[in-house]
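*Asks:* Chain order of the listed sequences is A and B.
Residues 171 to 393 (my numbering) make up the first sequence, in order.
Residues 171 to 393 (my numbering) make up the second sequence, in order.
Can you read through this structure? Questions will come right after.
Number of protein chains: 2
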Amino acid sequence: MNKEQKNEKQISSAVIRRLPRYFRYLRELIRNNIMRISSKDLAERMNVTASLIRQDLNCFGGFGQQGYGYNVKYLYNEISNILGVDKNFSAIIIGMGNLGRALANNPLFEKRNVKIKGLFDVSPNVIGNKVGDLTVMDMNDVSTFCRDNKIDIAVLTLPKLEAPSAAKLLAKAGVRGFWNFSNMELELPEYDVKIENIHLGDTLMTLCYELAKEDNRASEDKE
Amino acid sequence: MNKEQKNEKQISSAVIRRLPRYFRYLRELIRNNIMRISSKDLAERMNVTASLIRQDLNCFGGFGQQGYGYNVKYLYNEISNILGVDKNFSAIIIGMGNLGRALANNPLFEKRNVKIKGLFDVSPNVIGNKVGDLTVMDMNDVSTFCRDNKIDIAVLTLPKLEAPSAAKLLAKAGVRGFWNFSNMELELPEYDVKIENIHLGDTLMTLCYELAKEDNRASEDKE
Chain A
171 MNKEQKNEKQ ISSAVIRRLP RYFRYLRELI RNNIMRISSK DLAERMNVTA
221 SLIRQDLNCF GGFGQQGYGY NVKYLYNEIS NILGVDKNFS AIIIGMGNLG
271 RALANNPLFE KRNVKIKGLF DVSPNVIGNK VGDLTVMDMN DVSTFCRDNK
321 IDIAVLTLPK LEAPSAAKLL AKAGVRGFWN FSNMELELPE YDVKIENIHL
371 GDTLMTLCYE LAKEDNRASE DKE
Chain B
171 MNKEQKNEKQ ISSAVIRRLP RYFRYLRELI RNNIMRISSK DLAERMNVTA
221 SLIRQDLNCF GGFGQQGYGY NVKYLYNEIS NILGVDKNFS AIIIGMGNLG
271 RALANNPLFE KRNVKIKGLF DVSPNVIGNK VGDLTVMDMN DVSTFCRDNK
321 IDIAVLTLPK LEAPSAAKLL AKAGVRGFWN FSNMELELPE YDVKIENIHL
371 GDTLMTLCYE LAKEDNRASE DKE
């Protein structure tokens, strides 16, 4: 397969959503010095079927060899490249409340090769404070900073109502991706940007659904 | 439909995963005093197809009326009940690092009627500190606390390697649900518990994937 064919090949969004999980498991295998693995063993660790794994990994040329299994490092590198880990994306965090600070200090960025280059807030009480190695900057300076530093991604942890105007400002300054925790589902159709709207509460609710279903069953059994 | 039939009816997990989003949109409609809405209008707001909405809402008897649309409050109440909002679940947070503190102060619990009743940590520097209205308690007291207060849910923001043993301890003390941010995929097959493993970094990676795909396209166009 030449480069173009490989890149052109469409990977379904369901597979893409599963790739970060493969990335985590393969990373862990490498850390434990496991350099090859069968689809069956990987399936057991990941609690999915071996056929799903073969299907998913075949999508981008990750063909296991009979009697040998997958080359873990090769797969890890392929998946890393597909997920843009080799791109060294740069990011800023907007909003230095509790969640902003929690993310600023979180190793998840470094693990995925995303470099946090700046932290911003509007509050004079927060601007100038140190969070980890960085000093919180004034939101008034964000456009210039993004242009000068070619910022790819903005992590939004600012209040809901401030999110749309901030996002537009950032998109104009060249930010191309939004990891949005503002609880406002952003849409910026007029800009060529990608948005991941995160609603932490949604997964809490699916957990509550499971518990409620059990409770309902238990109370029916009693009736 | 009698109660039993209604509860027995299986709702697919894909629909369940979408319900929290309906919950948020319906909540917003009520806040804006919009008490009825057509599937078409709701579809436009939610950026999905009207037929998906009709399909999803029909699953639990949310039938819109021709020329009237959906009764927003009725739907909101139905979805809230399915998601267990009426159950008044109680929760504790384990691990008072940055993320634990961010969650402790987050209104997402209150909005979903989940009551945070206790905060726990192992560090003597943190135990006794106030976070919001609560005082951080000693992890040594967690089992007694869970039994005495019938805690339903534990939010885990403690380090990865401490997660499995803490979760087992909590399951033994009657905790039935785990909202797990420890970056360790928990499995507790020996206990009858529900687990939501949250990996914040996964959605950052899908965002990076989208950006990388664009970059690759742009560089191919140049070639």
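Beta carbons are placed, not taken as given, at the ideal position from N, Cα and C, and that holds for glycine.
Is it true that the CB of Gly254(B) sits closer than 9 Å to the CB of Tyr246(A)?
*Replies:* Here residue 246(A) is taken as the residue at index 76 of the first sequence, counted from 1. Here residue 254(B) is taken as the residue at index 84 of the second sequence, counted from 1. No, these two residues do not count as a Cβ contact at 9 Å.
*Asks:* Could you tell me the distance, in whole angstroms, from the CA atom of Val296(B) to the CA atom of Asn310(B)?
*Replies:* Walking along the second sequence from the start, residue 296(B) turns up at place 126. Walking along the second sequence from the start, residue 310(B) turns up at place 140. Straight-line Cα distance between these residues: approximately 14 Å.
*Asks:* Applying the 10 Å Cβ sphere with the 16-neighbour rule, what's the burial state of Glu280(A)?
*Replies:* Looking up residue 280(A) in the first sequence gives position 110. Exposed, because fewer than 16 other Cβ atoms sit within 10 Å of the Cβ of Glu280(A).
*Asks:* Suppose the cutoff is 7 Å on Cβ atoms and the five residues either side in sequence are ignored; what does the same chain contact list for Gly267(B) look like?
*Replies:* Counting from 1 along the second sequence, the entry for residue 267(B) is found at position 97. So the qualifying residues of the chain are Thr327.
*Asks:* Might you give, ordered along the chain, the residues of its own chain that have their beta carbon closer than 7 Å to the beta carbon of Val204(B), omitting 5 neighbours on each side?
*Replies:* Against the second sequence, residue 204(B) aligns to sequence position 34. In the sequence on display, residue 204(B) carries Ile and not Val. Hits under 7 Å: Val242.
*Asks:* Express the C-alpha separation of Arg206(A) and Val218(A) in angstroms, rounding to a whole number.
*Replies:* Here residue 218(A) is taken as the residue at index 48 of the first sequence, counted from 1. Here residue 206(A) is taken as the residue at index 36 of the first sequence, counted from 1. Cα-Cα distance, rounded: 18 Å.
*Asks:* What residues from chain B crowd round Phe259(A), counting only those whose CB sits closer than 7 Å?
*Replies:* Here the question's residue 259(A) lines up with position 89 in the first sequence. Near Phe259(A) (Cβ distances below 7 Å), the residues of chain B are Cys378, Leu381.
*Asks:* Please report how far the alpha carbon of Lys176(B) lies from the alpha carbon of Asn386(A), in whole angstroms.
*Replies:* Counting from one through the second sequence, the residue named residue 176(B) turns up at place 6. Counting from one through the first sequence, the residue named residue 386(A) turns up at place 216. With a pLDDT of only 48 at Lys176(B), under 50, the local geometry of the prediction cannot be trusted, and the value read off the model is given with reservation. Roughly 11 Å between the two C-alpha positions.
*Asks:* Please list, in chain order, the chain B residues whose beta carbon lies closer than 8 Å to that of Leu358(A).
*Replies:* Looking up residue 358(A) in the first sequence gives position 188. Residues of chain B passing the Cβ test: none, with the nearest at roughly 12 Å.
*Asks:* Which one of Ile365(A), Gly239(A), Ile286(A), Glu384(A) has the shortest CA to CA distance from Asn319(A)?
*Replies:* The residue labelled residue 319(A) in the question sits at position 149 within the first sequence. Out of Ile365(A), Gly239(A), Ile286(A), Glu384(A), Ile286(A) has the C-alpha closest to the C-alpha of Asn319(A).
*Asks:* Alpha carbon to alpha carbon, how far is Ile368(A) from Pro190(A)?
*Replies:* Taking the first sequence and counting its residues from 1, one reaches residue 368(A) at position 198. Taking the first sequence and counting its residues from 1, one reaches residue 190(A) at position 20. If you take the alpha carbons of Ile368(A) and Pro190(A), they lie about 16 Å apart.
*Asks:* To the nearest angstrom, how far is it from the Cα of Ile264(A) to the Cα of Ala324(A)?
*Replies:* Taking the first residue of the first sequence as position 1, residue 264(A) is located at position 94. Taking the first residue of the first sequence as position 1, residue 324(A) is located at position 154. Roughly 7 Å between the two C-alpha positions.
*Asks:* Can you give me, in chain order, the residues of the region 261 to 278 of chain B that have a beta carbon less than 7 Å from any beta carbon in chain A?
*Replies:* Taking 7 Å as the Cβ-Cβ cut-off against chain A, the residues of the region 261 to 278 of chain B that qualify are Asn268, Leu269, Arg271, Ala272, Asn275, Leu278.
*Asks:* DSSP beta-bridge partners for Met307(A)?
*Replies:* As a first step, residue 307(A) is located in the first sequence; it is residue number 137 there, counting from the start. Paired residues: Phe290(A).
*Asks:* Assuming Ile321(B) contacts Ile262(B) under a Cβ cut-off of 8 Å, what Cβ separation, rounded to an integer in Å, is found between them?
*Replies:* By one-based count along the second sequence, residue 321(B) stands at place 151. By one-based count along the second sequence, residue 262(B) stands at place 92. Their Cβ separation, rounded to whole angstroms, is 5 Å, which keeps Ile321(B) and Ile262(B) in contact under 8 Å.
*Asks:* By the 10 Å Cβ neighbour count, where 16 or more other Cβ atoms means buried, how is Asn350(B) classified, buried or exposed?
*Replies:* Position 180 of the second sequence, counting from 1, holds the residue named residue 350(B). It counts as buried.
*Asks:* To the nearest angstrom, how far is it from the Cα of Asp291(A) to the Cα of Lys257(A)?
*Replies:* As a first step, residue 291(A) must be located in the first sequence, where it is residue number 121. As a first step, residue 257(A) must be located in the first sequence, where it is residue number 87. Cα to Cα, the separation comes out at about 27 Å.
*Asks:* Taking Cβ to Cβ, would you say Glu355(B) is nearer than 9 Å to Thr373(A)?
*Replies:* One-based indexing of the second sequence puts residue 355(B) at position 185. One-based indexing of the first sequence puts residue 373(A) at position 203. No, the pair does not count as a contact, with Cβ atoms beyond the cut-off.
*Asks:* Buried or exposed for Lys342(B), going by 16 or more other Cβ atoms inside 10 Å?
*Replies:* On the second sequence, residue 342(B) is found 172 positions in, with the first residue counted as 1. Lys342(B) should be labelled exposed.
*Asks:* May I ask you to report which of helix, strand or coil DSSP gives Phe348(A)?
*Replies:* As a position in the first sequence, residue 348(A) is number 178, starting the count at 1. Phe348(A) falls in the strand class under three-state DSSP.
*Asks:* Are there 16 or more other CB atoms within 10 angstroms of the CB of Met171(A), so buried, or fewer, so exposed?
*Replies:* Counted from its first residue, the first sequence places residue 171(A) at position 1. Low confidence applies here, because Met171(A) scores a pLDDT of 42, under 50, leaving its location unreliable; read the following figure in that light. Met171(A) comes out exposed.
*Asks:* For Lys338(A), decide whether its Cβ has a neighbour in chain B, counting only Cβ atoms nearer than 9 Å.
*Replies:* Residue numbering aside, residue 338(A) sits at position 168 when the first sequence is read from its first letter. Judged by the 9 Å Cβ criterion, Lys338(A) is not in contact with chain B.
*Asks:* Going along chain A, which residues have a C-beta under 8 Å from Lys320(B)?
*Replies:* Position 150 of the second sequence holds residue 320(B). What Lys320(B) touches in chain A: nothing, since even the nearest Cβ is about 12 Å away.
*Asks:* Would you list the one or two residues that DSSP bridges to Gly239(A)?
*Replies:* Counting from 1 along the first sequence, the entry for residue 239(A) is found at position 69. Note: Gly239(A) sits in a beta bridge opposite Gln235(A).
*Asks:* Could you please tell me which residues of the region 220 to 244 of chain B, in chain order, have their CB closer than 8 Å to any CB of chain A?
*Replies:* If the cut-off is 8 Å between Cβ atoms, the region 220 to 244 of chain B has nothing near chain A.
*Asks:* Beta-carbon of Phe290(A) versus every beta-carbon of chain B: anything under 9 Å?
*Replies:* On the first sequence, position 120 is the one that residue 290(A) refers to. False, the Cβ-Cβ gap to chain B never drops below 9 Å.
*Asks:* Within the same chain, show all residues whose beta-carbon is closer than 8 Å to that of Lys210(B), passing over the 5 residues directly before and after it, in chain order.
*Replies:* Counting from 1 along the second sequence, the entry for residue 210(B) is found at position 40. So the list reads Ala220, once near-sequence residues are dropped.
*Asks:* Would you call the CB atoms of Glu360(B) and Lys364(A) closer than 9 Å?
*Replies:* One-based indexing of the second sequence puts residue 360(B) at position 190. One-based indexing of the first sequence puts residue 364(A) at position 194. No, Cβ-Cβ distance for Glu360(B) and Lys364(A) is not below 9 Å.
*Asks:* Buried or exposed: which applies to Ala337(A), given that a residue is buried once 16 or more other Cβ atoms fall within 10 Å of its Cβ?
*Replies:* Working through the first sequence from its first residue, we reach residue 337(A) at position 167. When all chains shown are included, Ala337(A) counts as buried.
*Asks:* Going along the chain, which residues of the region 289 to 309 of chain A sit with their C-beta nearer than 7 Å to a C-beta in chain B?
*Replies:* Within the region 289 to 309 of chain A, no residue has a Cβ that lies closer than 7 Å to any Cβ of chain B.
*Asks:* Tell me where the beta strand (DSSP E) around Lys364(A) begins and ends.
*Replies:* What you label residue 364(A) is simply residue 194 of the first sequence in a count that begins at 1. Looking at the DSSP string, the run of the beta strand (DSSP E) that includes Lys364(A) is 364 to 367.
*Asks:* Quick one: Cα of Cys138(B) to Cα of Glu390(B), how far?
*Replies:* Since the displayed chain B opens at 171 and closes at 393, residue 138(B) lies outside it and no answer follows.
*Asks:* For a cutoff of 9 Å on Cβ pairs, would you count Ile323(B) as touching chain A?
*Replies:* Stepping through the second sequence from its first residue, residue 323(B) is reached at position 153. So, interface residue.
*Asks:* Using the three-state DSSP reduction, which class does Lys176(A) fall into: helix, strand or coil?
*Replies:* In the first sequence, the residue the question calls residue 176(A) occupies position 6. In this predicted model, Lys176(A) has a pLDDT of only 48, less than 50, meaning its place in the structure is not dependable enough to derive any value.
*Asks:* Cβ closer than 8 Å: which chain B residues qualify as neighbours of Glu366(A)?
*Replies:* As a first step, residue 366(A) must be located in the first sequence, where it is residue number 196. Simply Thr373, Leu374, Thr376, Leu377.
*Asks:* Taking DSSP as the reference, what is the three-state secondary structure of Arg282(A)?
*Replies:* By 1-based counting over the first sequence, the position of residue 282(A) is 112. Three-state DSSP puts Arg282(A) in coil, outside helix and strand.
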